[in-house]
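Notes to accompany the following structure.
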Amino acid sequence: MPKVSMTVNGELVSKMVEGRTLLVDFLRDTLKLTGTHIGCDTSQCGACVVHMDGSAVKSCTTLALACQGAEIMTIEGLADGETLHPMQTAFNDHHGLQCGYCTPGMIMTAVDMVKRLGVPDEETIRAELEGNICRCTGYHNIVKAIAAGAEAMNKSNG
Amino acid sequence: MYDFNFHRPKSLRKAAAILAENEEAKLIAGGQTLLPTMKQRLAAPSDVVDLSAISGLSGIELKGRKLQIGAMTKHYDVATSQVVREALPALADLAGMIGDPAVRNRGTIGGSVANNDPAADYPAACLALNATIVTNKRRMTADEFFTGLFDTALEEGEIITKVIFPLPKRAAYAKFRNPASRYAMAGVFVSKRGREVRVAVTGAGSDGVFRLTQAEEMLSKRFSEKALKDLTVDPDGLVGDIHGSAEYRANLVAVMTRRAVAAA
Ligand SMILES: Cc1cc2nc3c(=O)[nH]c(=O)nc-3n(C[C@H](O)[C@H](O)[C@H](O)COP(=O)(O)OP(=O)(O)OC[C@H]3O[C@@H](n4cnc5c(N)ncnc54)[C@H](O)[C@@H]3O)c2cc1C
Ligand code: FES
Ligand code: FES
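One line per chain: the protein sequences are X and S, in this order. Each position in the first sequence, counted from 1, maps to that position plus 879 in the numbering used here. Each position in the second sequence, counted from 1, maps to that position plus 1 in the numbering used here.
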């Protein structure tokens, strides 16, 4: 089996994997980082979104071996110790989740969106959520949470 | 997905050599089409050759009146490139309409063109602009390159290195998305360069991307929405499926053609 090395949430990891191992399986099964979810496994739902070298990707549609040398950030890497990331706080405050299954992917997508677009308006947020499916919330509170999280992130950046 | 040997060569020559040695090998770019296909076991390559470590395959460059885009350039980079926005805004718009943000962060122009999905967006731009597809072996015009449903003139072991778009005077892309998959139900790219008008349609043809010569003739007389007032599209040869009948798509193609001309 070939070996892959990458940085996950700031820590360098090196492991043996099969060619076909997907990034999401590497994170969940090998590293036991089960915050990243598998919803559809067909590239549709966005539950598996993580950041690869700073941009949002679907980890169910990325090979672990293609991440050789990459920096990966998962939902587990977002909080600063006990202090939640402003986007996590916003999802909590605005009731942006019900069962929570889609939430890690929603939050990783939201953080990526804000990094690229600053404080997006409602229409932009809805368009940017094209690749993230939620079966529970009807999206309204997710959109509100992202708008609030965007404000908070931009404030904390000065 | 069945297991395979994974390769990540640093040069085109090495990539071509691996393809030549392994008959069942396949290239992977962004993987946004290949991996879903392999999961469904519609493809089961013995070897997968990742193009991402080869330098010089991605990037955007304006050379005179030609826009050159490396095969490994991601949809996101085309959509947001200042150079593309200024030189060929219709292409930036098109790239920004592909899939969703995470797909655009991985998917590449080379992968999209090589795959020639009948509902993919880039083939319409290539055909309407008569782009040149450059490979490690030769150059082909879009007219020569797209040969049918999921079919291209690419030979075994041939690797796309870049796509070159001659800059049009006017161009626009109008896409009617399937609301669930976000692929085109009908996408029409129109362009005018000198006297030549080209109209290419994706998402609707049962044989893949095609040129709507009838609209081209109408528009070469006068490039305006008015010139299309008698345009009706024949449903014969169009896709009819659970998402819409051939007649419905024929109407969509006419409407999208008018919208694209109005926006160009
Ligand atoms: C949820 C979702 C929605 C999508 N929506 C759209 C959409 O609306 N419009 C659209 O156009 N597309 C859409 N796509 C497809 C997406 O654009 C893909 O990225 C693209 O079709 C393939 O590019 P890739 O880089 O991912 O190629 P890969 O999946 O890596 O490869 C695709 C094929 O091309 C071959 N190949 C790749 N690179 C080269 C090369 N340089 N030379 C020769 N052969 C090569 C591979 O061997 C493979 O057969 C969507 C995909 C997903 C998952
Ligand atoms: S699990 Fe990856 S997109 Fe649904
Ligand atoms: S909160 Fe249940 S899927 Fe979104």
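Idealized CB from N, CA, C, for every residue including glycine.
Residue 114/S places its beta carbon less than 9 Å from that of residue 164/S. In the structure shown, residue 176/S adopts extended strand secondary structure according to DSSP, grouped into three states.
From the listed residues 1034/X, 933/X and 901/X, the smallest Cα separation to residue 965/X is found for 1034/X. Secondary structure note for residue 1035/X: its alpha helix (DSSP H) is the uninterrupted segment 1019-1035.
Rounded to whole angstroms, the separation of the alpha carbons of residue 1021/X and residue 1028/X is 10 Å. Chain-order list of chain X residues neighbouring residue 3/S: 899, by C-beta distance under 8 Å. Judged by the Cβ position, residue 1015/X fails to qualify as a neighbour of ligand 2 at the 8 Å threshold, every heavy atom of the ligand being at least this far.
Contact check for residue 59/S and residue 81/S: beta-carbon distance about 14 Å, past the 8 Å limit, so the pair fails to qualify. If you check the CB distance, residue 1010/X and residue 887/X do not come in under 9 Å. At a C-beta separation below 7 Å, residue 6/S has these neighbours in chain X: 898.
Between residue 109/S and residue 154/S, the beta carbon gap of about 19 Å keeps them out of contact (Cβ cut-off 8 Å). When DSSP states are grouped into helix, strand and coil, residue 141/S belongs to the strand group.
Taking C-beta atoms as the reference points, residue 107/S and residue 940/X count as a pair closer than 9 Å.
Here the residues close to ligand 2, judged by CB distance below 6 Å to any of its heavy atoms, are 917/X, 918/X, 919/X, 920/X, 922/X, 923/X, 924/X, 925/X, 926/X, 927/X, 937/X and 939/X in chain order.
Here residue 25/S is exposed, its C-beta having fewer than 16 other C-beta atoms within 10 Å. Residue nearest to residue 41/S within the set 248/S, 258/S and 2/S is 2/S (criterion: CA-CA distance). With fewer than 16 neighbouring CB atoms inside 10 Å of its own CB, residue 1036/X falls in the exposed class.
Cβ contact annotation for residue 952/X (same chain, cutoff 7 Å, sequence separation greater than five): 888, 929 and 930, in chain order.
For residue 27/S, none of the residues of chain X pass the 9 Å Cβ criterion, the least Cβ distance being about 12 Å.
The alpha-carbon separation between residue 245/S and residue 188/S amounts to approximately 14 Å. Taking C-beta separations shorter than 8 Å and ignoring five residues to either side along the sequence, the partners of residue 998/X in its chain run 1026, 1029, 1030 and 1033, following chain order.
In chain order, the residues with a C-beta atom nearer than 5 Å to some heavy atom of ligand 1 are 922/X, 27/S, 28/S, 29/S, 30/S, 31/S, 32/S, 33/S, 34/S, 35/S, 72/S, 99/S, 100/S, 104/S, 108/S, 109/S, 111/S, 112/S, 113/S, 115/S, 116/S, 121/S, 122/S, 160/S, 161/S, 183/S and 184/S.
For residue 141/S against residue 122/S, the beta-carbon gap comes to about 19 Å, at or over 8 Å, which does not count as contact. Inclusion of residue 152/S and residue 209/S in the CB contact set at 9 Å is warranted, their separation being smaller than that value. Here the segment 219-232 of chain S does not lie against the segment 127-146 of chain S, with fewer than 3 beta-carbon pairs under 8 Å apart. Residue 191/S holds the alpha-carbon nearest to the alpha-carbon of residue 90/S among 191/S, 213/S, 247/S and 51/S. At a cut-off of 9 Å, the C-beta of residue 58/S has no neighbouring C-beta in chain X. As the crow flies, the alpha-carbon of residue 217/S is around 37 Å from that of residue 27/S. Its Cα nearest to that of residue 937/X, the residue 925/X stands out among 945/X, 925/X and 943/X. With a cutoff of 8 Å, residue 979/X counts as near ligand 3, since its C-beta is closer than that to a heavy atom of the ligand. In the same chain as residue 894/X, and ignoring 5 residues on each side of it, the C-beta atoms closer than 6 Å to its own belong to 909, in chain order.
Judged by DSSP in its simplified three-state form, residue 47/S adopts coil rather than helix or strand. Contact of residue 106/S with chain X by beta-carbon distance below 7 Å involves 934, 935 and 936. In this structure residue 914/X touches residue 955/X by the C-beta definition: roughly 5 Å separates them, less than 8 Å. The Cβ of residue 908/X sits no closer than 9 Å to any Cβ of chain S.
Beyond the five residues adjoining it in sequence on each side, residue 5/S comes within less than 7 Å, by CB distance, of 46, 47, 48 and 49 in the same chain, given in chain order.
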